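Colleague: Submitted below is the structure of interest, expressed as structure tokens.
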Amino acid sequence: MTKDKISPLTGSSRKTNLELYRIIMMLFIVMYHYVANSGLISSDGPIYSDISAKRSVLLLILGAWGKGAINGFVLITGYFMCKKNIGAKKFAMLFCETMFYRITINLIFFLTGKTAFTADNLLTALLPVRYISDSLSQIYLVFFLSIPFLNILINNLSEKMHLRLLMLSGFVYIFFGSFSKLGVRFNYFSWFIVIYLIGAYIGCYQKKIFNNRKLWGYLMLFSLGLSLATVINGINGKTNAYKYLSEVNKLLPVTNGITTFLFFKNVNLKHSSFINSVAASSYGVLLIHTCGDTMRKWLWKDLLNVTKSFYLPWPLLLIHIFASVFGIYIICTVIDMLRKRFLEKPLFSIWDKKFPEFKKKYLGFEQRLCRRFNISDEA
């Protein structure tokens, strides 16, 4: 580890300002799904049938921030995790959380007839990850496994080499991803590594510029304002309003994520156990409300009937939008808190008692295997 790297973790490892940021980013993701997963912006959806209508404009603006929010969410991981050791327990908790929701929700859909009980659907329910593509909740689990290796890389890079790596990866993913005449084929796994490296740079090198709240406040407003201008321009041109915001690796979602993160990093908030505990369930909110195509169809089309609600009178439309988004967040958070209290806590109290013995046996097996194939034990 290079001696000039500074840990961002001082005092409590949960900083309320960034936990509040985590909550806000997840709300933006839910709002984006309200617009994108409900059929509102499909080719035959109501928004693009009358893109200049006031309600179309409102919904397009409200749903414009999801991709930047994904970047902000992963930046938090890079900022904090770059100086942490990712143990087996941490991954096991994440894995169990993922599988609990995946199996439970799919089982409910099987029993209620929402999903046909086929071998293919059963495989989808039982596998934590089936496709390495653009599913945030699935890819994050796989990405999490790469963090120990990324940290070894990060902590053995000089600051200059770290910056050069960011420039290279930014050129490949952001530059090529931001222009329609160019292109880059990628998936969330590789992109999360790029964002993690950015968050880790901010976390490892506490530059004075990273602590300038006023500067990042202005830059945040500029980036968000420019993003809003592209949405309005697309609406006026009756074209794709999200042309410059449609992918996480386009320039504006990247700058939106970085500037909002650095602004909230410098907001001074008193420690709040409530905010911290709510934020701790934000990943559970993601897992629940994005659990497969059946969930998306049932939630946005059957239960909330978003496309039909598009035509409600203005007061009822506004109530429907915000009650849906905040209602989903609150209900999913309560469910996840109950899961933590009644399932995760008892299960991992057993883990704490049994894992040392298991680890001892595993390490013995690993050492024998290394000796058998003449592999060095050095980390």
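When the count follows the numbering used here, it moves up by one through the sequence shown with no breaks and lands on 1132 for the last residue.
Cβ coordinates follow ideal geometry from the N, Cα and C atoms, glycine included.
Source: prediction; values computed, not measured.
#1: Check M754 in the structure and name its three-state DSSP category.
#2: Between which two residues does the alpha helix (DSSP H) containing E772 stretch?
#3: Between C1085 and I1028, is the Cβ-Cβ spacing less than 8 Å?
#4: Give the range of the alpha helix (DSSP H) segment to which R855 is assigned.
#5: If you draw a straight line from the C-alpha of L876 to the C-alpha of G816, how long is it?
#6: Can you look up Y884 in the DSSP assignment and give me helix, strand or coil?
#7: Considering V925, what are the terminal residues of the alpha helix (DSSP H) in which it resides?
#8: Enumerate in chain order the residues of its own chain whose CB-to-CB distance from I1081 is below 7 Å, with the five nearest sequence positions on each side excluded.
#9: Ignore the nearest five residues each way along the sequence and tell me which others in G970's own chain have a CB closer than 7 Å to its CB.
#10: Measure the Cβ-Cβ separation of I800 and L793 and say whether it is below 8 Å.
#11: Just curious, the alpha helix (DSSP H) that S933 is in, first and last residue?
#12: Can the beta-carbon of T830 be found less than 8 Å from the beta-carbon of G952?
#13: So, helix, strand or coil for S1035, using DSSP?
#14: Are L1039 and S890 closer than 8 Å when you measure CB to CB?
#15: In three-state terms, what does DSSP make of S795?
#16: Please state whether DSSP places S899 in a helix, a strand or coil.
#17: In terms of residues, what are the limits of the alpha helix (DSSP H) holding N1058?
#18: Span of the alpha helix (DSSP H) holding L1005?
#19: Going by C-alpha distance, which of M834, V947, M852 is nearest I1011?
#20: Quick one: is A982 buried, meaning 16 or more other Cβ sit within 10 Å of its Cβ, or exposed?
#21: Measuring alpha carbon to alpha carbon, tell me which of L771, K768, I776 ends up nearest I1083.
Modeller: According to the structure data:
#1: In this predicted model, M754 has a pLDDT of only 41, less than 50, meaning its place in the structure is not dependable enough to derive any value.
#2: First-last of the alpha helix (DSSP H) with E772: 769 to 789.
#3: In terms of Cβ geometry, C1085 and I1028 do not form a close pair [threshold 8 Å].
#4: Per DSSP, R855 belongs to the alpha helix (DSSP H) from 841 to 865.
#5: Each residue's alpha carbon lies about 32 Å from the other.
#6: In the structure shown, Y884 adopts coil according to DSSP, grouped into three states.
#7: Under the DSSP assignment, V925 falls outside any alpha helix (DSSP H); it carries neither an H nor an E label.
#8: For I1081, where only same-chain residues beyond five positions count, the Cβ hits under 7 Å are V783, H1042.
#9: Around G970: F1016.
#10: Cβ atoms of I800 and L793: closer than 8 Å.
#11: That residue, S933, is in no alpha helix (DSSP H); it is neither H nor E in DSSP.
#12: A contact, by the Cβ cut-off of 8 Å.
#13: The three-state reading of DSSP puts S1035 in helix, counting H, G and I together.
#14: Less than 8 Å separates the beta-carbon of L1039 from that of S890.
#15: In this structure, S795 counts as coil in the three-state DSSP scheme.
#16: Residue state, collapsed to three classes: helix.
#17: For N1058, there is no enclosing alpha helix (DSSP H), as DSSP marks it with neither H nor E.
#18: Start and end: 1004 to 1018.
#19: Check the Cα spacing between I1011 and each of M834, V947, M852: the tightest is with V947.
#20: It is exposed - the Cβ of A982 has fewer than 16 other Cβ atoms within 10 Å.
#21: Checking every option, the nearest Cα to that of I1083 belongs to I776.
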